[in-house]
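Novice: For reference, each letter of the sequence shown is one residue, going 441 to 841 in the working numbering.
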Amino acid sequence: MTNATETADVVIIGGGVMGCSIACNLAITANTHGLRRIVLLERDTLGSGSTGRSSAAIRMHYYSTAVNAEMAWRSLHIYRNFADIIGGDCGYVPTGYLVFAGPDDVDAFRVNIAIQQSVGVITDIISPTDAAGLAPGFAVSDAAAIAYEPYSGHADASATAYAYATRARAEGVSIRLQTPAAAIETGADGSRVTAVNTAAGARIETPLAVVATGPWSPAFLQSHDIDAPLVATRHEVLHFRRPLDAVPYHPGGADISNRIYFRPEGRELTLVGNGNHSDVVHDPDVFAQRASPSFIQDVWQRLARRIPPMADAELAAGYAGLYTNTPDSHPIIDRVDGVDGLYLCTGFSGHGFKLSPMVGLLMAELIANGEAVTMDISPLRLSRFAEGALNNTGYDYDVLA
Numbered sequence: 441m442t443n444a445t446e447t448a449d450v451v452i453i454g455g456g457v458m459g460c461s462i463a464c465n466l467a468i469t470a471n472t473h474g475l476r477r478i479v480l481l482e483r484d485t486l487g488s489g490s491t492g493r494s495s496a497a498i499r500m501h502y503y504s505t506a507v508n509a510e511m512a513w514r515s516l517h518i519y520r521n522f523a524d525i526i527g528g529d530c531g532y533v534p535t536g537y538l539v540f541a542g543p544d545d546v547d548a549f550r551v552n553i554a555i556q557q558s559v560g561v562i563t564d565i566i567s568p569t570d571a572a573g574l575a576p577g578f579a580v581s582d583a584a585a586i587a588y589e590p591y592s593g594h595a596d597a598s599a600t601a602y603a604y605a606t607r608a609r610a611e612g613v614s615i616r617l618q619t620p621a622a623a624i625e626t627g628a629d630g631s632r633v634t635a636v637n638t639a640a641g642a643r644i645e646t647p648l649a650v651v652a653t654g655p656w657s658p659a660f661l662q663s664h665d666i667d668a669p670l671v672a673t674r675h676e677v678l679h680f681r682r683p684l685d686a687v688p689y690h691p692g693g694a695d696i697s698n699r700i701y702f703r704p705e706g707r708e709l710t711l712v713g714n715g716n717h718s719d720v721v722h723d724p725d726v727f728a729q730r731a732s733p734s735f736i737q738d739v740w741q742r743l744a745r746r747i748p749p750m751a752d753a754e755l756a757a758g759y760a761g762l763y764t765n766t767p768d769s770h771p772i773i774d775r776v777d778g779v780d781g782l783y784l785c786t787g788f789s790g791h792g793f794k795l796s797p798m799v800g801l802l803m804a805e806l807i808a809n810g811e812a813v814t815m816d817i818s819p820l821r822l823s824r825f826a827e828g829a830l831n832n833t834g835y836d837y838d839v840l841a
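So this is what it looks like as structure tokens:
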């Protein structure tokens with residue numbers, strides 16, 4: 441039996457980059473909405489889940505929906521000015537971003553570029569000659585179309601989470617590490633949030649709870665009889681030490697034809713993954729965390745098709761992390777109908793890090809104002825699955841992490 445030990449205005453469950461961004465944004469705006477007592481519960485250490493194993497790419501090229509492209513574009517502004525807006529160092533490195541399309545993808549590719557441009561994204565289709573100048577050693581002649589984003593790049597996912605957490609603490613947020621949430625109480629009739637209980641037996645009375653638990657979301661929500669179509673999946677990432685004489689540098693990018701994404705890592709490494717190659721994980725506490733030999737061989741060959749000198753690269757490291765997938769590969773950012781005060785922020789399908797600055801802001805608006813005001817997030821509502829109103833992905837972009 442738990443005992444009431446404290447109260448909070450908001451309890452955020454999950455200390456990855458999403459939970460930290462939400463806590464920080466709520467705290468920064470506390471004077472406007474009065475939600476001052478903010479508690480963040482993290483089951484382990486900050487960023488120890490999907491955040492710590494993120495590829496941390498920052499790019500705008502998204503599905504044929506404006507909502508993700510706009511969130512990514514607005515997030516890029518924050519990443520580029522992170523020290524001034526949030527404080528600390530997110531590790532943003534602008535490399536530019538190339539996307540290679542195959543013949544079957546060209547029509548959808550052009551439509552998507554137009555949608556991205558419509559929300560302000562600076563991107564365009566460039567010539568193979570221009571692509572070759574941006575990416576020495578790349579094979580470009582076989583691509584049916586190539587898009588380029590000059591301001592995209594990557595950052596440090598763990599550093600970003602810590603920077604948000606540091607600012608949140610400075611604004612008065614209480615962050616509890618190694619404090620798993622056991623349950624959300626919803627009163628006798630189940631209609632409203634009344635408390636959050638921890639696994640250690642503490643009870644925090646609160647009218648507002650945010651579930652930002654990444655791959656732990658499916659089981660956590662099911663235990664509360666909340667129907668959300670979420671599946672945790674395992675994805676592998678490799679680091680190769682590239683031949684610097686042939687590939688001295690390169691931008692980040694994705695290759696739809698060869699189904700890989702890549703970016704530089706430091707001075708001499710290339711990070712590469714295949715976002716659509718996955719295995720379902722039923723227990724996020726138990727999964728193979730090393731790269732498999734079959735994956736290494738397959739992805740290495742795919743990478744060498746786009747960057748031929750990488751056939752002579754040296755494998756430096758490999759690891760696996762978890763995505764939290766929805767049927768349309770778009771996140772759920774919403775309140776839960778029928779349970780006043782309960783909010784969900786999950787299901788980012790491998791694309792969350794690059795969106796996290798805006799997600800934190802939008803969630804803060806949703807919680808404080810009852811709706812997001814900076815942009816329309818109705819396409820990300822939980823009810824879309826029951827309504828059959830899934831977001832149209834245009835073509836298979838799961839490769840783009």
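Note that beta-carbon positions come from the ideal geometry of N, C-alpha and C, so glycine has one too.
Can you tell me where the alpha helix (DSSP H) with Glu827 in it begins and where it stops?
Specialist: 824-827 is the span of the alpha helix (DSSP H), which, as asked, contains Glu827.
Novice: I need the boundaries of the alpha helix (DSSP H) containing Tyr519, first residue and last residue.
Specialist: Tyr519 -> alpha helix (DSSP H) spans 506-520.
Novice: At the level of alpha carbons, what is the spacing between Ser789 and Tyr763?
Specialist: Looking at the two C-alpha atoms, the distance is approximately 5 Å.
Novice: Which one of Pro647, Leu538, Thr485 has the shortest CA to CA distance from Ala605?
Specialist: Out of Pro647, Leu538, Thr485, Thr485 has the C-alpha closest to the C-alpha of Ala605.
Novice: Nearest to Val479 by alpha carbon, out of Arg609, Gln741, Pro655?
Specialist: Answer by Cα proximity: Arg609.
Novice: Going by CA-CA distance only, name the one from Glu827, Ala744, Arg775, Pro797 that's closest to Ile807.
Specialist: Minimum Cα distance to Ile807 is reached at Arg775.
Novice: Less than 8 Å between the CB atoms is what I'm expecting for Val677 and Gly758, so what's the real figure, rounded?
Specialist: Confirmed, Cβ separation roughly 7 Å.
Novice: Which of the three DSSP states is assigned to Leu743 in this structure?
Specialist: Helix, per DSSP.
Novice: Could you tell me which residues DSSP pairs with Tyr602 in its beta bridges?
Specialist: DSSP, once it has assigned bridges, lists no residue as partnering Tyr602.
Novice: With DSSP as the reference, label Cys530 as helix, strand or coil.
Specialist: Coil, per DSSP.
Novice: Can you give me the Cβ contacts of Pro590 inside the same chain, cut-off strictly under 6 Å, excluding the 5 residues immediately before and after it?
Specialist: Correct list, in chain order: Gly536.
Novice: For Ser697, does the three-state DSSP call read helix, strand or coil?
Specialist: Residue state, collapsed to three classes: coil.
Novice: Going straight from the alpha carbon of Ser494 to that of Ala595, what length do you get?
Specialist: Near 10 Å, if we compare the C-alpha coordinates of Ala595 and Ser494.
Novice: Please confirm if the region 646-659 is in contact with the region 449-460, defined as three or more CB-CB distances below 8 Å between the two stretches.
Specialist: Yes: at least three Cβ pairs fall under 8 Å.
Novice: Rounded to the nearest angstrom, what separates Leu475 and Leu755 at their Cα positions?
Specialist: So the two alpha carbons sit approximately 49 Å from each other.
Novice: Counting C-beta neighbours from all protein chains within 10 Å, is the total for Thr646 16 or more, i.e. buried, or is it exposed?
Specialist: When all chains shown are included, Thr646 counts as buried.
Novice: So what does Leu678 bridge to, in DSSP terms?
Specialist: Its beta-bridge partners are Val712, Gly758.
Novice: Tell me which same chain residues have a C-beta within less than 7 Å of the C-beta of Phe825, skipping the five on either side of it?
Specialist: Cβ neighbours of Phe825 beyond the five flanking positions: Pro669, Pro767.
Novice: What does Arg632 pair with, by DSSP beta-bridge criteria?
Specialist: Note: Arg632 sits in a beta bridge opposite Asp780.
Novice: Measure the C-alpha to C-alpha separation of Ile747 and Asp725 and round it to an integer number of angstroms.
Specialist: Whole-angstrom Cα-Cα distance: 36 Å.
Novice: Assuming Val580 contacts Leu782 under a Cβ cut-off of 8 Å, what Cβ separation, rounded to an integer in Å, is found between them?
Specialist: Contact flag wrong, Cβ pair sits at about 49 Å.
Novice: By alpha-carbon positions, which one of Gly531, Tyr689, Thr673, Ala642 ends up nearest to Ser657?
Specialist: The shortest Cα separation from Ser657 among Gly531, Tyr689, Thr673, Ala642 belongs to Thr673.
Novice: On the DSSP letters alone, give me the boundaries of the alpha helix (DSSP H) that Asp547 sits inside.
Specialist: Segment 546-558, the alpha helix (DSSP H) holding Asp547.
Novice: Using CA atoms only, rank isn't needed, just tell me which of Thr491, Ala548, Ala597 is closest to Thr505.
Specialist: The candidate whose alpha carbon is nearest that of Thr505 is Ala548.
Novice: Report the three-state DSSP secondary structure of Asp468 (helix, strand or coil).
Specialist: The sequence as given places Ile at residue 468; Asp does not occur at that position. Reduced to three states, the DSSP call for Ile468 is helix.
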